[in-house]
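Taking it in order: structure first as structure tokens, then the write-up.
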Amino acid sequence: MTANPTSIHQLLARRVSGFSLEQPFYVSPEIYALDLEHIFYREWLYAVPACQLARTGSYVTLRVGAYEVVIVRSRDGEVRAFHNSCRHRGSLICKARQGQVAKLVCPYHQWTYELDGKLIWANDMGPDFDASKCGLKPVNLRNLDGLIYICLSDTPPDFQTFAQLARPYLEVHDLKDAKVAFTSTIIEKGNWKLVWENNRECYHCSSNHPALCRSFPLDPEVAGVQADGGVSKKLQVHFDRCEAAGTPAQFVLAGDGQYRLARMPLQEKALSYTMDGKAAVSRHLGRVAPPDAGTLLMFHYPSTWNHFLPDHSLTFRVMPISPTETEVTTTWLVHKDAVEGVDYDLKRLTEVWIATNDEDREIVETNQQGILSLRLTCPVPIHRVRKAASCSSSTGMRPGWSARLRRVKWLRSEQMTQFKQLSFWSDAEPLECVTRTPEATNVVTFSFQSPSGALFNHDPGQFVTLELPAPGGPLYRTYTISSAPSRPTALTITVKAPDGSTGTRWMLDNLHKGMRIRAIGPAGNSRSCITRLINTCSSRPARASPRWWR
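Here the sequence shown stands for residues 1 to 550, where the numbers follow the UniProt record's numbering.
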């Protein structure tokens, strides 16, 4: 199915949070072109570990949509990136995926460039030719503690904030002392959003990933983060234990959802991603304590998720190839002095994630085939507990297809108009309690829905006043709304009954699933968001939507 400005804004306008995207988002060449233009050509993308460019003249090439990039270690030790296109006639300079060179030489007319991109030889160009103006075009590059990121935009977004936040988490892993033990590149015959959507939930894990589940926990108490960024007591204990040992662990999330970090525990007694849960490498990469610190999960959208373990590290790179093809590259990093066959067995090191990647490939491809066979109109919502998302089962982060489609002029006014036309709850209708979840002594989280099925529209930090039918007359109590504005299907509050409480104590003792009560609100001033159709949550740490969807 093709898409045009009119059909795209109509598709967006009728999108409902918690339901999958419709078919064109996964197959349309027009939408794929917008994915590239507004996401992959503008955002910082993870490229390679710096240790893959260990020697002077080491290079790797990377294709991002229509762009070819070469990343090379220069003579001064710095890693640089350039457009892999000769300034003379535009020919590719480096054709291999990786290699080692003394100079960058165009195979067409032999124009020769130094490793810093300067043109140093061009035959028969005449006395007026100025070689200083014909160097290779640079590409923005940042080296984050051994992880290379690039950005194709002439005006790249801020990277420093992410780097400052991530650096303390990464420093204990000593990636400067790493080497590549193995790299796997697979082509998944599915749209890149399906790859991310599958990654951002583990609803499928128990039935599809037997090897991974030997070490990766499925219990949301230890594998998940709440929509408001809160964590369970069990998970907080893990964070505190790691921090006390000098290993940063707390869950952190960018305000726009662009990146997040958390050091998550593995299954009880598991130390690494291996079939028996024991460490895969005896000579550890890094200084992570305690030994069962688990995995540092670091996501930076739209191109990478990572697992940094006490003994080794894994990086994952996602790169779209076509509307229905995605390249996924996994790299296993070990200590530079670790010896294969002595300090680690390569099969044991890689078998869990090789199996998991192949299982995910089959899931994504089967999903894509099903989407191609019909016009997906989202008849069934995503699993409530594990719903990873928003734009789709989908693309919150799961970054959504549209990258900053709100910046596309023909969407701005139409989106807002369609958003305002949705049916939202008003306090003329009661709220129905649908769940009550004890959190601690005298602390309970209540979730409410509209009996008519209307959606909720509120801003971060707003509150709602409940009319409680307590003995002696109604009591009015006001509570801050804890559910994310991007989850419009329910309104959630967490309440605590202090000593001497009457109203809140009545709620804890008497308010149960199925009861309806009157509510007033939402009220309170807060920053307004343009779009609340997106939401991200998962049994894997996930929460906010990226800035493209805000």
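Here a beta-carbon is modelled for each residue, glycine too, at the ideal position from N, C-alpha and C.
Sequence-distant Cβ neighbours of T465 in its own chain, meaning closer than 6 Å and more than five residues away, are Y476, T478, I520, G521. For the pair of segments examined, the stretch 150 to 159 was found not to touch the stretch 305 to 320: the number of CB pairs separated by less than 8 Å stays below three.
Ranking G135, L491, W111, I187 by CA distance to the CA of M319 puts I187 first. DSSP lists no bridge partner for L175.
Proximity to Q449 across Y149, I150, T61, I517 peaks at I517, based on C-alpha coordinates.
Under the rule that a run must span 3 or more residues, the beta strand (DSSP E) segments found entirely inside the stretch 163 to 248 read 178 to 188.
Apart from the 5 residues on each side of it in sequence, E171 sits with its Cβ closer than 7 Å to the Cβ of D145 in its chain, given in chain order. Rounded to whole angstroms, the gap between the alpha carbons of R97 and G77 is 21 Å.
Shown here for S74: same chain residues with a beta carbon closer than 6 Å to its own, the five before and five after excluded, namely R80, L115, D116 in chain order.
When secondary structure is reduced to three states using DSSP, M275 falls in the coil class, being assigned neither helix nor strand. Contact annotation: I150 and N140 have beta-carbon atoms nearer than 8 Å. No residue range can be given for P156, since it is assigned to no beta strand (DSSP E) and is classified by DSSP as neither H nor E. For G99, no alpha helix (DSSP H) encloses it; the enclosing beta strand (DSSP E) starts and ends at 98 to 100. Comparing alpha-carbon positions, the option among T326, L11, L285, Y169 lying closest to G246 turns out to be Y169.
When C-alpha distances from N306 are compared across A47, I39, K513, the shortest belongs to A47. When the Cα atoms are used, A428 and H458 turn out to be separated by approximately 16 Å. Each of P302, K103, H204, R241 was checked against the Cα of V364, and the nearest Cα belongs to H204. The Cβ atoms of L285 and D358 lie no closer than 8 Å to each other. A residue is called buried once 16 or more other Cβ atoms fall within 10 Å of its Cβ, and Y344 is buried on that count.
E351 and M275 do touch by the CB rule: their CB atoms are close to 7 Å apart, below 8 Å. In the DSSP assignment, F25 falls within the alpha helix (DSSP H) that extends over 24 to 27. Residue state for H512 is assigned as coil, using DSSP reduced to three classes.
For V364, there is no enclosing beta strand (DSSP E); the enclosing alpha helix (DSSP H) has its first and last residue at 346 to 372.
Scanning K233, A293, Y301, F182 for the CA closest to the CA of F308 turns up A293. Residue K234 holds the alpha-carbon nearest to the alpha-carbon of E221 among K234, A289, Y67, A102. L296 is a Cβ neighbour of R263, given a cutoff of 8 Å. Spatial neighbours of I120 in its own chain (CB-CB distance under 8 Å, excluding positions within 5 residues in sequence) are listed in chain order as K103, T112, Y113, E114, A131. Within the model, the alpha-carbon separation for V495 versus G472 is close to 22 Å. With respect to the 8 Å criterion, V27 and L45 are not classified as neighbours on the basis of their beta carbons. In the DSSP assignment, V16 falls outside any beta strand (DSSP E), carrying neither H nor E. The C-alpha of D337 lies about 27 Å from the C-alpha of A163. Under the DSSP assignment, S313 falls in the beta strand (DSSP E) whose first and last residues are 313 to 322. When DSSP states are grouped into helix, strand and coil, L36 belongs to the helix group.
Listed in chain order, the non-local C-beta contacts of D360 below 7 Å within the same chain comprise N198, local neighbours out to five positions each way being set aside. As a beta-bridge residue in DSSP terms, L45 pairs with I150.
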